[in-house]
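Peer 1: Okay, here's the structure, questions in a sec.
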Amino acid sequence: MAKRDEDTKPILPGKGASDYERYLRTDELLALQKLPENLSHKDEMTFLVVHQSSELLMKGAAFELERAHEFLANSDFGNAARLIRRSISMIEPPIELLHILETITPCDYHVIRAGLGHGSGLDSPGFLALLHIGPRLGKVFRDQLDAVGITLVEIYRRHEQFFGLHDVAERLLDFDERMQIFRFHHLKLAERIIGGRVVGTMGTPVEVLQQRMESWLYKDLWDVRNQITAAANEPDASRKN
Ligand code: HEM
């Protein structure tokens, strides 16, 4: 019995009754939400938990993309693709979490919104970190194409030979697509809750969210499909391929 106590007693420094709580700093983490008696509306707990969880996941996703950037700069395509894949897996839950907020009714949301000040997703540290690493990843990818001396369309034509670079290209496309999907679901959420013809807490019209959906991180990766299809549609295409 005494031996068992020894085994379970916390040995890590910090606050918390167990090493689990100390390592993860759950006391601090779980104190980051308002106390139930201070909530403007009972739904505010969900609103807080969804936003904070999304920030954590987007932070993790941007961290992995920074690592992928380093691997890519060193021409380690396998590890770059592996970490971009992981990062994408971390962007998917925030997309799912948006749907939870669709269960808040428009009227109840306005009770919560009254306490947000100028708080807006435009200042989301997680999303901004993803927007910051995105173009830099694209640049280092193009640098690698230049170093090999090959065009993007050639990577797609000869994908078996250039498996590593092709894999990175496809994972970057996945990332770009997920960012667009996040924006699409977020736009629908905003339209459902506050409407499509109003302004946000920072004064941005919801229509602007619609325009932002048109922004691509890696336009060339989408365009390469057009080039391939155009080439395939040429009359002598079968002879070329
Ligand atoms: C009730 C739920 C929500 C509503 C009504 C809403 C509404 C809005 C509005 C109106 C904007 C435009 C800027 C402004 O505020 O003036 C915006 C921007 C933004 N929001 Fe939300 N939002 C909600 C939930 C979320 C959640 C859960 C996230 C996840 C972190 C999020 C992330 C963002 C981001 C990243 C932007 C900037 C969008 C971009 O750059 O395309 N929002 N939101």
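Residue numbers for the sequence shown follow my numbering, so the first one is 122 and each next one is one higher.
Every residue, glycine too, gets a C-beta built ideally from N, C-alpha and C.
Can you find at least 3 beta carbon pairs, one from the stretch 275-284 and one from the stretch 224-231, that sit closer than 8 Å?
Peer 2: No, they do not touch.
Peer 1: Give me, in chain order, the residues of the same chain whose beta-carbon lies closer than 8 Å to that of residue 254; leave out the 5 immediate sequence neighbours on both sides.
Peer 2: Once the five neighbours on either side are set aside, the close Cβ partners of residue 254 are 183, 186, 187, 190.
Peer 1: Rounded C-beta distance between residue 237 and residue 322? I'm assuming under 8 Å.
Peer 2: Between residue 322 and residue 237 the Cβ distance is about 5 Å, and since that is below 8 Å, they are a contact.
Peer 1: Could you spell out where the alpha helix (DSSP H) holding residue 216 opens and where it closes?
Peer 2: Where residue 216 is concerned, the enclosing alpha helix (DSSP H) stretches over 198-222.
Peer 1: May I have the straight-line CA-CA distance separating residue 244 from residue 203, to the nearest angstrom?
Peer 2: So the two alpha carbons sit approximately 29 Å from each other.
Peer 1: How close, in whole Å, do the beta carbons of residue 205 and residue 292 come, if the pair is a contact with beta carbons under 8 Å?
Peer 2: About 4 Å; that satisfies the 8 Å criterion.
Peer 1: Using beta-carbon positions only, say whether residue 251 and residue 300 come within less than 9 Å of one another.
Peer 2: Contact: yes.
Peer 1: By DSSP, does residue 320 sit in helix, in strand, or in coil?
Peer 2: If DSSP states are grouped into helix, strand and coil, residue 320 belongs with the strands.
Peer 1: Quick one: is residue 215 buried, meaning 16 or more other Cβ sit within 10 Å of its Cβ, or exposed?
Peer 2: Buried is the call here.
Peer 1: Under the three-state reduction of DSSP, which class applies to residue 227: helix, strand or coil?
Peer 2: In the structure shown, residue 227 sits in a helix (DSSP, three-state: H, G or I).
Peer 1: Cα-Cα, which of 133, 142, 266, 298 is closest to residue 284?
Peer 2: Of the listed residues, the one whose Cα sits closest to residue 284 is 266.
Peer 1: Check each candidate in 207, 330, 354, 157 and name the one with the smallest Cα separation from residue 181.
Peer 2: Closest option to residue 181, Cα to Cα, is 207.
Peer 1: Is the Cβ-Cβ distance between residue 176 and residue 240 less than 9 Å?
Peer 2: Not closer than 9 Å, so no.
Peer 1: By alpha-carbon positions, which one of 269, 276, 304, 275 ends up nearest to residue 196?
Peer 2: The option with the nearest alpha carbon to residue 196 is 269.
Peer 1: CB of residue 172 to nearest heavy atom of ligand 1: below 8 Å?
Peer 2: Checking the Cβ of residue 172 against ligand 1 gives yes.
Peer 1: Less than 8 Å between C-beta atoms, sequence neighbours within five positions excluded: which residues of the same chain meet that for residue 304?
Peer 2: Contacts found: 330, 333, 334.
Peer 1: Taking Cβ to Cβ, would you say residue 209 is nearer than 9 Å to residue 295?
Peer 2: The answer is yes: Cβ separation under 9 Å.
Peer 1: So for residue 140, helix, strand or coil by DSSP?
Peer 2: Three-state result, residue 140: helix.
Peer 1: Cβ-heavy atom distance between residue 366 and ligand 1 below 8 Å?
Peer 2: With the chain covering 122 to 362 only, the question about residue 366 has no answer from this structure.
Peer 1: Who pairs with residue 131 in a beta bridge, going by DSSP?
Peer 2: Answer is none; residue 131 lacks a bridge partner.
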